Every structure is written in C-alpha cells, then in structure tokens.
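Engineer: Those protein sequence lines, which keep their order, are chains A and B.
All residue numbers for the first sequence refer to the working numbering, where the first residue is 16 and numbers rise by one.
All residue numbers for the second sequence refer to the working numbering, where the first residue is 16 and numbers rise by one.
Can you keep this structure in mind? I'll have questions shortly.
Protein chains: 2
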Amino acid sequence: MQNRPTLKDVAKAAGVSNITVSRVANGSGLVHPDTRLRVEEAMRSLGYLPNLAARAMRTNLTGTIGFLVPDLTNYPNAAVAQAAERRLAEAGFGMLLASSALNPVREAKALAALQTRQVDGVVLYVSDEADPELLTALRRFKTPLVVLDRTLPLNAEVDSVICDHATAMREVVRYLVQLGHRRIALLVPELRIRPVIERSTAFRTAAAEAGIAESCATVVQVSAATAAGSVPALTLLEGPTPPTAIIADGNRLLRGVILASRSLGRAMPADLSVIGIDTDDMALVCTPEITCIVRDFNEIGQLAADLMLRRLTTQAAAPQQVILPSQVVLRSSCGPAPRSSR
Amino acid sequence: MQNRPTLKDVAKAAGVSNITVSRVANGSGLVHPDTRLRVEEAMRSLGYLPNLAARAMRTNLTGTIGFLVPDLTNYPNAAVAQAAERRLAEAGFGMLLASSALNPVREAKALAALQTRQVDGVVLYVSDEADPELLTALRRFKTPLVVLDRTLPLNAEVDSVICDHATAMREVVRYLVQLGHRRIALLVPELRIRPVIERSTAFRTAAAEAGIAESCATVVQVSAATAAGSVPALTLLEGPTPPTAIIADGNRLLRGVILASRSLGRAMPADLSVIGIDTDDMALVCTPEITCIVRDFNEIGQLAADLMLRRLTTQAAAPQQVILPSQVVLRSSCGPAPRSSR
DNA sequence: CTGAAAGCGCTAACAA
DNA sequence: TTGTTAGCGCTTTCAG
C-alpha cells in the first residue's frame, strides 16, 4: 500500500525543488505563474495533501484549535461548539473537541491532551471557576485562550466572550412581581460559574428591590448529579408555602419543573408560572409555550472563534472582553399569581 | 518566552540520552527502574509534555480520530459524538470534530482537512449516501473508516454501526392500526440516508400488511431547508382527508406537528395521535407526553469508538457491522382514531 | 524567481 | 540496559 504523496513527490513530478512546491502550497513567496501552474497540476494529479504535522514541526503551528466543553448534549454548548467549528473551518482551522463531563480534573487532563497535540489555542467553558488544579493548569498554558462566560482569576488577561445575565433576570423578576407573584424560586445547577452566580445575585437583588422578603425569593442549587431533575421542584412545590413562580436554569431543571407540576396537578400558568433560561429549544413544544431568557449561541460561538483567530494573526492586540446580551421572550407560561397566594 | 521543554531537555536534565527518555515516555523498551525514576522526575520538574506532531512524523500516528457529523445541534448527533469522544479520550486519543451542515461538498472538504491533519481514522455520518463526489473522496481515503448508520457503496468493506429502524416502525404502525387509525402519515427529512429509507420502506410495508390503502399511508419528505417545520404538517392536516396519526422523524418535524396541531386546535390524542422518532429528549415536556421510537445514542458512540480502536490496534480483523435495536416507548400521545374518521 | 542545506522533536534500527 | 545514527515532511535562511 503506497503512502500518501509528499511534497517531494510533487517536486519530482513537476521538475522543481521542494521549496518551490512549498511556496505554491502556501501561496507565499514569488513563484513564476508558469511554474505555479505546473506545480498545481502535479499536486492535483498526485492527489497531494500537505502534512500538517510536518509543517507544525517547523512552524509550531498546527492550524488546530482546542474546544473544551462540559457537556455536548446540552443544547447551548453544542450550538456554540458548532458555530465556532464553522468559523474556524472557514479560516482553515480544525477543531479538537474535548468534553469534560463537568469534571475539573478531566478538564485539566484534557488541557494537557490538547497541548500535547500542539493546538494553536484553546476555547473553553470550564465547569468550576475556583478549582485550584484547573487554574494552575490554565496559568501554565502557553498558547492563547478564549474563555467563555467565566470569571477566572488568571494572572494574564485573556480574551473572553461573556454574557449579561443580570439584566434579563431583573426584567423577569419585575415581570413576575407585576403579575402579583410574591413567592418566587430560582432553580440553578450547583456550579461555581459566572452565569449561575450572576443570575442568583441578580435574582436576589431584584426581588429585594421589589419588596419581596428574602425568605420568599428562594435560590435552590441542584446538584448536577441529581438524576431526576423533578425532585427539587417537587420538594419546593410540596412545601408549606410553595412559590407561585419558578425560574429554571437549563433544560434539565425546566423539565423537572414541568414534570413536578404535572404530577401534582398544578396547572400552568393558573397555579404556577414558569420561566426557562437557555431553554428555547424546548419552549415551543410545551403546553403552554414557555417564557424564556434566551441568548444567541451562534453569535457566542462565532465571536469566540473570531477572537481566537484575531489573537493568532495579530500577536500584540490587547485582550478583549466581548459582552453579549440576553433577551426575554414572553410566551404563555406566566400568568397572574393565584388569588390564594396573596 | 521560553519554549516548551523537549525530550532533549529532559534527557539533559536527567543525564541520559534522548532515546531513553523516549522509552520512558512511551513505556516501551526496557529501562532500569532507577533510570526511569530519574527521567520521570526530570519530566515532572520541567513540565514536559510530548509533542505528538513530532512523534507523528516518525510513526505516522497522531493519536487523533476525526469525527464528521452533519449537525451537532441535533441531539442524537451530539450524544453520539460525546460518547465517542469519551471512549477515545479514555484510550488516549483526541477527536477532531467537523460539522458539515448536511452539505456533501463540505463533507468531502472536511475529509480532506482531516487527512491533512493526519488523523488515524475517521468516524462519520454522511448526509447523502449517493453523492458521487463524497463517495470518491471516501474511496480515496487511506485510513480506517467507521461508518454510522449508512449504506455506502464502497469497494472495501468498512466497519459500521447501524441501527434497526424497521422493526420499531412496523411495531408502531401496527399499534396505530390497532387503535383504529386508517390514515397515517410519516414525516421524514428529505435525505438519502439509511434511516430515512429504511423507515419509509418499513412504514409502507407495514401499512400495506395492515390493509391500509397506499394512498392512506403517506410519506412526506420535508426539505432540510424548510425553516418552519410546521408547514408540511399544516398542509397535511388541512387537506381534505387528513391523517389521524402522524409519525415525525426528529425534533424539528415533531415540533412542526405539535405547532400545527395546536394552531389548528386539534387535540392530542383525541383528534390526532402523534409518535416521535429520536425525540426522546423533548418527549416528557410535551403535553401529553409523546410516544417515541428511541435508540441508545450513548451505545452507538461507544461502539463506534470501540470499532475504530479495534481496527487501529489489531490490523487484520475482518470488517464488522454491528446492528443496534430501536425501541418503542409508549406514552400518552396516541389514542383511538376519532369516530368521524372511520 | 528558484534552489541547497539545515533542522524542528521524535523514534526505528542497529550497535554497544 | 543504554546510546548512536539517521530521517520522517516540511519550512527557514541564505545564496544564487
């Protein structure tokens, strides 16, 4: 079985030297049009494809970016990854994907695996902003980093794409208060990451501003390991003074709320108002359709790729933080608080 | 900025030759325990990570597998990709991800991009089994291929993971017929791929066997470009003799059916019975919960990775085709056909 | 505009 | 058990 043709084979076929083929392959340097044509012809007829591993040895550039994500089956992550991949591919870059299953140890390991493969940079979601091992690994990291929606205590500033979670959260709390709700709960995953922290803080602040007692604006942290997402929602709804509105962060928790309210026979929105965060993909198939806080995942992924490409091409450039908005999409899952609750 | 330490640096630090370090790094060859310890110590203190690009030049092995997928935002694809990535990572392999947006031209290009990066093999879903360019690219491909759920006319047999779509489809048609349905529609994406073909065929056959006239067992192919998935469902339901049961292949089309039936005021399952295929992720949040044909995506991804790893380690091995089952999960979205339809 | 020589980091083959 | 030599495919430098 013959091996793939190399640059040398092309050179021989075209009757030129290796370096000339290299110049044609890279579009670099000046090559006589006739020569170029001859070389290109040889490349085509041999089916030549450059060997990036070999090129990487000289240039230290693999044309490959690492993408580290906690969980690909989570729609937002997948959408961001796909958008980034697309942008990178358009620019001639490949994407090495690593999924960490929300495990910081795995994240540190994946980082090493990516470095070993000589990625030119890494775009990443981390699943714990305060994990010391992970932070050490990150600080040791030599190639450019684009951090997605996290606040990381790194020495050097890095490029990052972050989202404004507070504005939409405040808006949504005010909306619920206007509808008469006085007992509201926020369900979030138990993760030390920016979106959860910012949402929780904004939730509490907005509730306080609206004159809701601290004990009536509950933030429930749900362990990522809790298989049945409906358990915390059930606990909440079966308590002595159940919330009349629940905001659920992510598909898993929204599903939990829907299942819990269904099993308890609470009607939506008559008995319970529901709002989902980052759950737009399932909002329309629910009955009633779910009011959501949404973000443009496509934009996040593209921007992350763009930041990475910019850093790779223009070395100097000051680190950049891009802030993207969240939006509230009103649908029919919220209504006036039930009379009995007021 | 100092460069990453190389094997040579480690050798110097440990006072041994390059090759000894290499042997320690690969666990290969016999090395004296003391020497090994000294080398490992040097590696650790320097923070040495091997350069896989350099290794690849000698061995022609990058420890990286390509994964080509039409659309990552589609839950089944993401789940399979993640499962494969996990298995590969456990075995020390990286995964280069390429997404084709259902475009065969892109798929051929992505294949070249993967080859250029010297992947040791490629696991792939193609989006058109009959695209000549893609087939040519595939035939030219030198490294191992694991084909996911496609019937490809390739010269050489390749490893593949395929699913049985027919059995579950027959089961589901019989179930609907038993419930009294005599006009049934199947909504599928307009794609020349095994799952769609096998499902359509099984659907027609099962309907015929159940004594349903050909004109009453409709297969509607929906272009992947049709943004509003509800349009074909609306057309169907507003026709003169609308189906009393619809089977929808994939989230997009299931969503279309739900939106259409909602906007027409058809109750589920009283007026319309609905079954989803590969839609288990949204089945429970719907009201009523949706009866689904499901598959174990995790198993598909793991198996694909295993087949690839096996092929990489044991050269000879005859190509293997693993067939995985589909299952029907009954829920409450199907009921007796409405009286008026009989 | 084109080429010759050297070397990137690593390992296969052989030698000691 | 350890080391030496050579070279993978490519690009950088310097000469022509």
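Yeah, the Cβ is synthetic: ideal placement off N, Cα and C, and Gly gets one too.
These numbers were taken from a predicted model, which means no experiment stands behind them.
Could you please give the first and the last residue of the uninterrupted alpha helix (DSSP H) stretch that includes valine 95 of chain A?
Structural biologist: Numbered from its first residue, the first sequence carries residue 95 of chain A at position 80. Run containing valine 95 of chain A: 90–105, per the alpha helix (DSSP H) assignment.
Engineer: Could you compute how far the alpha carbon of leucine 318 of chain A sits from the alpha carbon of valine 176 of chain A?
Structural biologist: For this step, residue 318 of chain A is matched to residue 303 along the first sequence. For this step, residue 176 of chain A is matched to residue 161 along the first sequence. Their backbone Cα atoms lie some 7 Å apart in a straight line.
Engineer: Start and end of the alpha helix (DSSP H) containing glycine 316 of chain B?
Structural biologist: As a first step, residue 316 of chain B is located in the second sequence; it is residue number 301 there, counting from the start. Start and end: 312–328.
Engineer: Three-state secondary structure (DSSP) at valine 31 of chain B?
Structural biologist: Sequence index remark: in the second sequence, residue 31 of chain B carries index 16 (1-based). Valine 31 of chain B: coil per DSSP, three-state reduction.
Engineer: Select from the region 280–312 of chain A all residues with a C-beta closer than 7 Å to any C-beta belonging to chain B, and list them in chain order.
Structural biologist: Residues of the region 280–312 of chain A with a C-beta less than 7 Å from any C-beta of chain B: Met297, Leu299, Val300, Cys301, Thr302, listed in chain order.
Engineer: Does any CB atom of chain A fall closer than 8 Å to the CB of proline 65 of chain B?
Structural biologist: Taking the first residue of the second sequence as position 1, residue 65 of chain B is located at position 50. So yes, proline 65 of chain B belongs to the interface.
Engineer: Exposed or buried, histidine 47 of chain B, counting other C-beta atoms within 10 Å across all chains shown (16 or more means buried)?
Structural biologist: As a first step, residue 47 of chain B is located in the second sequence; it is residue number 32 there, counting from the start. It is exposed - the Cβ of histidine 47 of chain B has fewer than 16 other Cβ atoms within 10 Å.
Engineer: 8 Å is my cut-off, CB to CB: does glycine 316 of chain A come that close to chain B?
Structural biologist: Along the first sequence, one-based indexing puts residue 316 of chain A at 301. No, its Cβ sits nowhere closer than 8 Å to a Cβ of chain B.
Engineer: Determine the burial state of serine 276 of chain B: buried for a count of at least 16 other Cβ atoms within 10 Å of its Cβ, exposed for fewer.
Structural biologist: Residue numbering aside, residue 276 of chain B sits at position 261 when the second sequence is read from its first letter. Buried is the call here.
Engineer: With DSSP as the reference, label serine 245 of chain A as helix, strand or coil.
Structural biologist: What you label residue 245 of chain A is simply residue 230 of the first sequence in a count that begins at 1. Of the three classes helix, strand and coil, the one that applies to serine 245 of chain A here is helix, per DSSP.
Engineer: From the DSSP secondary-structure annotation, give me the bridge partner or partners of leucine 339 of chain A.
Structural biologist: Locating residue 339 of chain A in the first sequence gives position 324, counting from the first residue. DSSP output for leucine 339 of chain A lists A:Cys178 as bridge partner(s).
Engineer: What does DSSP give as the partner residues of leucine 83 of chain B in its beta bridges?
Structural biologist: Looking up residue 83 of chain B in the second sequence gives position 68. Bridge partners of leucine 83 of chain B: B:Ala113, B:Leu139.
Engineer: Alpha carbon to alpha carbon, how far is arginine 7 of chain B from threonine 250 of chain A?
Structural biologist: Nothing can be reported for residue 7 of chain B: it is not among the residues displayed for chain B, which extend from 16 to 357.
Engineer: Would you tell me roughly how many angstroms separate the C-alpha atoms of isoleucine 308 of chain A and tyrosine 140 of chain A, rounded to the nearest one?
Structural biologist: Along the first sequence, read from residue 1 onward, the residue named residue 308 of chain A stands at position 293. Along the first sequence, read from residue 1 onward, the residue named residue 140 of chain A stands at position 125. Computed Cα separation, rounded: 20 Å.
Engineer: By the DSSP assignment, the beta strand (DSSP E) with leucine 163 of chain A in it spans what residues?
Structural biologist: Walking along the first sequence from the start, residue 163 of chain A turns up at place 148. First-last of the beta strand (DSSP E) with leucine 163 of chain A: 160–163.
Engineer: According to DSSP, is aspartate 264 of chain A helix, strand or coil?
Structural biologist: Position 249 of the first sequence, counting from 1, holds the residue named residue 264 of chain A. Of the three classes helix, strand and coil, the one that applies to aspartate 264 of chain A here is strand, per DSSP.
Engineer: Using only alpha-carbon positions, find the residue among A:Ala225, A:Leu322, A:Thr77 that is nearest to alanine 331 of chain A.
Structural biologist: The residue given as residue 331 of chain A occupies position 316 in the first sequence. For the residues A:Ala225, A:Leu322, A:Thr77, the minimum Cα distance to alanine 331 of chain A belongs to A:Leu322.
Engineer: For the beta strand (DSSP E) containing serine 215 of chain A, name the first residue and the last one.
Structural biologist: Position 200 of the first sequence, counted from the start, is the residue given in the question as residue 215 of chain A. Here serine 215 of chain A belongs to no beta strand (DSSP E); instead the alpha helix (DSSP H) covers 209–224.
Engineer: Go ahead and pull the three-state DSSP assignment for methionine 16 of chain A.
Structural biologist: Residue 16 of chain A sits at position 1 when you count from the first residue of the first sequence. Confidence is the limiting factor: at methionine 16 of chain A the pLDDT is only 38, short of 50, which leaves the residue's position unreliable and the question unanswerable from this model.
Engineer: Within its chain, find whatever has a CB closer than 8 Å to the CB of glycine 350 of chain B; leave out the 5 residues flanking it on each side and keep chain order.
Structural biologist: Within the second sequence, the letter at position 335 stands for residue 350 of chain B. So the list reads Leu194, Pro284, Ala285, Ser288, once near-sequence residues are dropped.
Engineer: Got a sec: is the Cβ-Cβ distance from leucine 345 of chain A to anything in chain B below 8 Å?
Structural biologist: Numbered from 1 along the first sequence, position 330 holds the residue referred to as residue 345 of chain A. Not an interface residue.
Engineer: For the region 149–159 of chain A and the region 87–106 of chain B, state whether three or more C-beta atom pairs, one from each stretch, are separated by less than 8 Å.
Structural biologist: no
Engineer: Measure from the C-beta of isoleucine 273 of chain B to each C-beta in chain A and report whether the shortest distance is under 8 Å.
Structural biologist: For this step, residue 273 of chain B is matched to residue 258 along the second sequence. By this cut-off, isoleucine 273 of chain B is an interface position.
Engineer: Suppose you measure from the CA of arginine 354 of chain B to the CA of isoleucine 262 of chain B; what does that come to, to the nearest Å?
Structural biologist: Numbered from 1 along the second sequence, position 339 holds the residue referred to as residue 354 of chain B. Numbered from 1 along the second sequence, position 247 holds the residue referred to as residue 262 of chain B. Taking the straight line joining both Cα atoms gives about 20 Å.
Engineer: Of all the options B:Arg51, B:Leu112, B:Ile315, B:Thr294, which has the alpha carbon lying nearest to the alpha carbon of leucine 345 of chain B?
Structural biologist: Taking the first residue of the second sequence as 1, we reach residue 345 of chain B at position 330. It is B:Thr294.
Engineer: Report the option in A:Ala282, A:Ala113, A:Gly316 whose CA atom is closest to the CA atom of arginine 102 of chain A.
Structural biologist: Position 87 of the first sequence holds residue 102 of chain A. Comparing Cα-Cα distances from arginine 102 of chain A to each of A:Ala282, A:Ala113, A:Gly316, the minimum goes to A:Gly316.
Engineer: When the distance is taken between beta carbons, is leucine 111 of chain A closer than 8 Å to glycine 136 of chain A?
Structural biologist: For the purposes of this step, residue 136 of chain A is taken as the residue at position 121 of the first sequence. For the purposes of this step, residue 111 of chain A is taken as the residue at position 96 of the first sequence. With contacts defined by Cβ atoms closer than 8 Å, glycine 136 of chain A and leucine 111 of chain A do not form a contacting pair.
Engineer: Would you say threonine 151 of chain B reaches chain A, if we count a Cβ-Cβ gap shorter than 8 Å as a contact?
Structural biologist: Residue 151 of chain B sits at position 136 when you count from the first residue of the second sequence. The C-beta of threonine 151 of chain B comes no closer than 8 Å to any C-beta of chain A.
Engineer: Here's a check: name, in chain order, each residue in its chain whose Cβ is nearer than 7 Å to the Cβ of serine 215 of chain A, leaving out the five neighbours to either side.
Structural biologist: As a first step, residue 215 of chain A is located in the first sequence; it is residue number 200 there, counting from the start. Exclusion of the five residues before and after serine 215 of chain A leaves Leu201, Val203, Val234 as the residues of its chain whose Cβ lies within less than 7 Å of its Cβ.
Engineer: What in chain B is Cβ-close to glycine 109 of chain A, meaning under 7 Å?
Structural biologist: Numbered from 1 along the first sequence, position 94 holds the residue referred to as residue 109 of chain A. Neighbours of glycine 109 of chain A on chain B, chain order: Leu111, Ala128, Arg132.
Engineer: Quick check: the Cα distance between alanine 113 of chain B and valine 120 of chain B, rounded to an integer number of angstroms?
Structural biologist: The residue labelled residue 113 of chain B in the question sits at position 98 within the second sequence. The residue labelled residue 120 of chain B in the question sits at position 105 within the second sequence. Their backbone Cα atoms lie some 13 Å apart in a straight line.
Engineer: Report yes if the CB atom of isoleucine 227 of chain A is closer than 8 Å to the CB atom of arginine 197 of chain A, and no otherwise.
Structural biologist: Numbered from 1 along the first sequence, position 212 holds the residue referred to as residue 227 of chain A. Numbered from 1 along the first sequence, position 182 holds the residue referred to as residue 197 of chain A. Yes, they are a contact pair.
Engineer: Once you ignore the five residues that flank alanine 125 of chain B on each side, which residues in its own chain have a CB closer than 7 Å to its CB?
Structural biologist: Here the question's residue 125 of chain B lines up with position 110 in the second sequence. Counting only Cβ-Cβ distances below 7 Å, and skipping sequence neighbours, we find Leu83, Ala113, Ser115.
Engineer: Sorted by chain position, which residues of the same chain lie with C-beta nearer than 7 Å to alanine 217 of chain A's C-beta, five sequence neighbours on each side aside?
Structural biologist: What you label residue 217 of chain A is simply residue 202 of the first sequence in a count that begins at 1. Closer than 7 Å at Cβ, skipping near neighbours: His180, Ala181, Met184, Arg185.
Engineer: Can you pull the DSSP bridge partners for proline 303 of chain B?
Structural biologist: What you label residue 303 of chain B is simply residue 288 of the second sequence in a count that begins at 1. Paired residue(s): none; proline 303 of chain B is not in a bridge.
Engineer: Helix, strand or coil for proline 255 of chain A, going by three-state DSSP, please let me know.
Structural biologist: For the purposes of this step, residue 255 of chain A is taken as the residue at position 240 of the first sequence. Residue state, collapsed to three classes: coil.
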